[in-house]
Amino acid sequence: MNPKDLIAWRCAQELKAGQVVNLGLGTPTLVANHLPPDAGVIFHTENGAFGFGGRPDFYNADSDLTNAGCEPITLLPGAALMDLATSLGAMRKGYIDITILGALEADAEGNLANWATRRQGRWWPGIGGAMDLCHGTPVVIAALQHTDKRGEPKVRQRCSLPLTGR
């Protein structure tokens with residue numbers, strides 16, 4: 757199992773039937789692949805799906821059904837699709853039990869940094885709905901490898917990037 761799948765598998769072990777769980781970008785998008793469809797966990801993606809499962813095989817993928825990372829998903833019985841405004845409202849109003857977010861950094865105080873604008877001459881993604889999730893969700897799990905592609909630590913005593921939440 758590769759490191760990202762191992763992290764996603766470990767995150768999946770924290771989930772229980774009946775929980776509504778948001779899966780953010782990056783490693784979190786893999787979590788749904790590590791639970792069977794009948795596990796009873798209701799996965800949510802920021803772009804408007806409640807009740808999806810793991811990635812379908814190539815021949816059953818539908819380009820209109822994607823997670824936040826634009827990767828194909830399967831809809832489970834009872835799933836619901838909604839517009840972005842309704843999905844963001846669910847995140848802000850506390851309808852999500854747990855969010856699993858990718859992170860550029862996490863620190864000893866429980867802070868999470870998963871966005872930046874311009875750094876080292878490159879543009880990075882904006883904040884998106886992650887700040888809403890950190891504020892409106894009781895449990896936030898950061899799913900990240902310990903080092904970045906250059907070998908620099910991502911788990912720090914104190915985050916050096918702009919904070920998303922706690």
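In terms of the working numbering, the sequence shown opens at residue 757 and continues consecutively.
Backbone N, C-alpha and C fix where the C-beta goes; we use that ideal spot for every residue, glycine too.
Query                                                                                                                                                         : Result
Compute the beta-carbon to beta-carbon distance between Ala817 and Pro828, rounded to the nearest angstrom, for a pair I have assumed lies under 8 Å.         : 4 Å
Alpha carbon to alpha carbon, what distance is there between Ser819 and Arg811?                                                                               : 12 Å
Measuring alpha carbon to alpha carbon, tell me which residue in Gln913, Leu831, Gln901, Leu919 is nearest Val797.                                            : Leu831
Whole angstroms are fine: how far does the CA of Asp888 sit from the CA of Arg912?                                                                            : 23 Å
With DSSP as the reference, label Gly845 as helix, strand or coil.                                                                                            : helix
Below 8 Å on the Cβ atoms is my guess for Met847 versus Gly885; work out the distance and round it to an integer in Å.                                        : 6 Å
Considering only the alpha carbon of each residue, which of Asn778, His902, Thr903, Glu802 lies closest to Leu840?                                            : Glu802
Take Asp794 as the anchor and find which of Ser916, Leu781, Lys772 has the nearest alpha-carbon.                                                              : Lys772
Going by DSSP in three states, Pro784 sits in which element: helix, strand or coil?                                                                           : helix
Leaving out five residues on either side along the sequence, give the residues of the same chain with a beta carbon under 6 Å from the beta carbon of Glu865. : none
Under a Cβ-count criterion, where at least 16 other Cβ atoms within 10 Å of its own Cβ denotes burial, should Asn758 be classed as buried or exposed?         : exposed
From this set, Gly809, Gly892, Gly858, Trp871, which residue's C-alpha is nearest Ser843's C-alpha?                                                           : Gly892
If you follow the alpha helix (DSSP H) that His891 is in, where does it begin and where does it stop?                                                         : 886-892
Terminal residues of the continuous alpha helix (DSSP H) containing Leu860?                                                                                   : From DSSP, Leu860 is part of no alpha helix (DSSP H); its letter is neither H nor E.
Have a look at Cys915 and Glu770 and give me their C-alpha separation to the nearest angstrom.                                                                : 25 Å
Please classify Pro759: does DSSP put it in a helix, a strand, or coil?                                                                                       : helix
Are Leu781 and Gly845 close, meaning C-beta to C-beta below 8 Å?                                                                                              : no
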